[in-house]
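Written out below as structure tokens is the structure these notes cover.
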Amino acid sequence: MTLYSIFEKPQAKAAKDRAPVAIGERFSWFAMLLTPLYALINGLWLLLIFWIALVMGLVYASRVIGSDAAIGLYAVVVVFLGFEAPAFRRDWLLFRGYQWRGDVISSAEDLAQRDYLSHRK
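To convert a position in the sequence shown, counted from 1, into our numbering, add 42.
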């Protein structure tokens, strides 16, 4: 079971048939292994820019610190990104005007949305 944070657009800005967004509070393998693709799919442009700067910086720094140390630093950063991926998505939704509506414990994202909609007042 996973804890899902539920976000909705305010009624004035949202379409009537728009479903709430559920973000699982768990490690994201996709964000860790394919960070630029994860950033593009989720619209996280600052994360993409950070990743590009990180790779360029580590390529440059590998001349001084060695390639093994650069690979080790990259591994530490991408593991951190895997843990923080849900927080990046939450912050992006809040920036776009979504409002946090609560948390739901569920086994899947669609079930979390369904549970939220069935208990909404």
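Note that beta-carbon positions come from the ideal geometry of N, C-alpha and C, so glycine has one too.
With a Cβ-Cβ cutoff of 8 Å, do residue i and residue j count as a contact?
i    : j    : result
V63  : L136 : no
L96  : V119 : yes
G124 : S70  : yes
N84  : R131 : yes
Y80  : F92  : no
S47  : D110 : no
K104 : A112 : Note that residue 104 is Ser in the sequence shown here, rather than Lys. In contact: S104 and A112 (Cβ atoms closer than 8 Å).
When DSSP labels each residue in this structure, what does residue i get in the three-state scheme?
i    : result
S148 : strand
S37  : This structure does not reach residue 37, given that the chain is present from 43 up to 163, and the question cannot be answered.
L136 : helix
Q155 : helix
F49  : strand
R143 : strand
G114 : helix
Figure out for me which residue from the options has the closest Cα to the Cα of residue i.
i    : options                : result
R68  : L45, S148, M98         : L45
F49  : Q141, V146, P128, A129 : Q141
A127 : Q53, K51, P52, T77     : T77
M43  : R162, L159, E151       : E151
With a CB to CB cut of under 7 Å and the five nearest residues on each side skipped, what residues in its chain are close to residue i?
i    : result
Q155 : A61, P62, A64
Could you pull out every residue in the same chain whose Cβ sits closer than 6 Å to the Cβ of residue i, ignoring the five residues on either side in sequence?
i    : result
I147 : M43, L45
Does the ligand ADP have even one heavy atom less than 7 Å from the beta-carbon of residue i?
i   : result
N84 : Absent from the structure shown: the ligand ADP. Ligands present: none.
Looking at the C-beta of residue i, does it have a partner C-beta in chain C at a distance below 8 Å?
i    : result
L135 : Absent here is chain C; the protein component of the structure consists of one chain.
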